[in-house]
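Taken in order, these protein sequences are the chains called A and B.
For the first sequence, position 159 matches number 157 in my numbering, and the numbering has no gaps at all.
For the second sequence, position 85 matches number 105 in my numbering, and the numbering has no gaps at all.
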Amino acid sequence: MKTLSRRYSLGMKLEELERFLVQHEKNLILYARQWCNAPEDVVQEALMELIRKQLSPLQNTAWVYTVVRNKAVSVTRHSSKIKPMIGPNCEPWFEPNTGDAIDAHAAQLHLQGLEESIREVLILKLWSGLSFEEIAPLAQCSKSEAHRKYQMGLELLRKRMGLT
Amino acid sequence: MNDDFENNLSAMVPTGKNLNRNALFFELGKQQKKPNRLARAFLAGVIAASFPWLLLTQSFSHKIETPTFSSAISVELIEPVKSEPYSIIAYRKVFEATNELPSFPPVGGVAHAETLADLQKEFSLYHQ
C-alpha cells in the first residue's frame, strides 16, 4: 500500500515536472554522459517512462537516475557510434570557464581519469546533489562506502589538478 | 580547503542540449486524462460509497434470484453502513489522512468497476 500511495497522484503537476527539470535536467545528462554518446536521448526516454508510470519526479529522483544509468549502459552496448565518450576529443562535459576558480576542461579530463565507481559518486553528489543514502543503491555500495569514495575522489582530483 | 574545492567544482555547469519539453508535457497531458491504478480504485470506492442504493438494490435482487444449489456463482453483496453515508469529500479526506482506501464492505463483482457504467454492467451479469 505504501508503494502504491507514493505513486498515487491525481496527475503529476506540470509545475512539479518543470521544477524537476530545472534542478536535474543537465545533471542527468552529465550522469548519462559517463556511459553513452547520446545522453539527452537517454534522459528524455527515462522521463517519458516516469510520466507514463505516473510517478512523482521529485519523490522518485533516485529512480530516474537508476533508469538513466541502465539505459545509458544499455545504449553503449548496442551503439555503433565511434565518438569517444571519454578523452580529450569527447564532447565537453562542462560549460567553458567564465572566470571560475577551476579550469573546466582540466577538471573534466581528470574526472574522466578517475575510476568509474568513484567518478559516479562524485557526479551524483557534486552536481546532482543526491544524499549518500540515495547514492548508495545507484553506485551499488553501502552508504559509508559511497562517502569514502566521495572523499577519495575529491582528494585525487585535487592532487591531480595540482591544487594542494 | 576541501569545501572551497567542492564549491568550485559544483559551480561548474554541465553541458547538454535541452530536452524536448513539448514531448514531455504532451505525454504528461495524455496521462492526466486517464486515472492511474489507485485513482481507479479510489473512483470505484467513491462510486460504491456514493451509490449505496444501487448496491442495496442489487443485494436484494441477488438474494431473490440466486439459486440455492452449490454450483451457482457465489456473489457476496454486503449492505453498506446506512448511518454513515460517505460523501466524496469525506471519502477523499479519509484517503488522504490515512493513505489507505477507506474500508467499505466488499462487494463481489465490483472489484474491477471503474465507472458507474462498469458497476451496472457487473451487476447486470448476475441477472441474465
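Just so you know, even glycine gets a beta-carbon here, dropped at the ideal spot from N, CA and C.
N- and C-terminal bounds of the alpha helix (DSSP H) containing E132/A: 130 to 137
G34/B - partner residues in DSSP beta bridges: The identity of residue 34/B in the sequence shown is Pro, whereas the question assumes Gly. DSSP, once it has assigned bridges, lists F92/A as partnering P34/B.
At least 3 beta-carbon pairs within less than 8 Å: the segment 114 to 132 of chain A vs the segment 28 to 41 of chain B: yes
Min CB distance F92/A to chain B below 8 Å: yes
Secondary structure of Q32/A, DSSP reduced to three states: coil
Classification of H22/A by the beta-carbon crowding that lies within 10 angstroms, buried from 16 upward: buried
C-beta neighbour in chain B for K24/A, strict 8 Å: yes
Within chain A, partners of N13/B - CB distance below 9 Å: The structure shown does not extend to residue 13/B, since chain B spans only 21 to 148, so no value can be given for it.
Pair within 8 Å by beta-carbon distance, L48/B and L12/A: yes
Under the three-state DSSP convention, the category P86/A falls into: coil
Nearest candidate by alpha-carbon position, reference N35/A, set W91/A, K147/A, Q149/A, F130/A: W91/A
8 Å Cβ shell around A60/A - same chain, five flanking residues per side excluded: L128, E132, P135, L136
N40/B beta carbon near the ligand NAD (any heavy atom closer than 7 Å): The ligand NAD is not part of the structure shown, which contains no ligands of any sort.
Between the CA atoms of N58/A and G160/A - distance to the nearest angstrom: 38 Å
Test: A104/A CB closer than 8 Å to a CB of chain B: no
Short CB-CB distance (under 8 Å) between Q32/A and chain B: no
Residues of the segment 45 to 63 of chain A whose Cβ lies closer than 7 Å to any Cβ of chain B, in chain order: L45, M46, I49, R50, Q52
Simplified DSSP state of E13/A, which is helix, strand or coil: helix
Residue range of the unbroken alpha helix (DSSP H) whose run includes S126/A: It is not in any alpha helix (DSSP H) - S126/A carries neither H nor E in the DSSP assignment.
C-beta contact flag for V65/A and E38/A at 8 Å: no
Other residues of its chain near D24/B: CB distance less than 8 Å, five sequence neighbours each side excluded: none
Contact with chain B by L152/A, beta-carbon distance below 8 Å: yes
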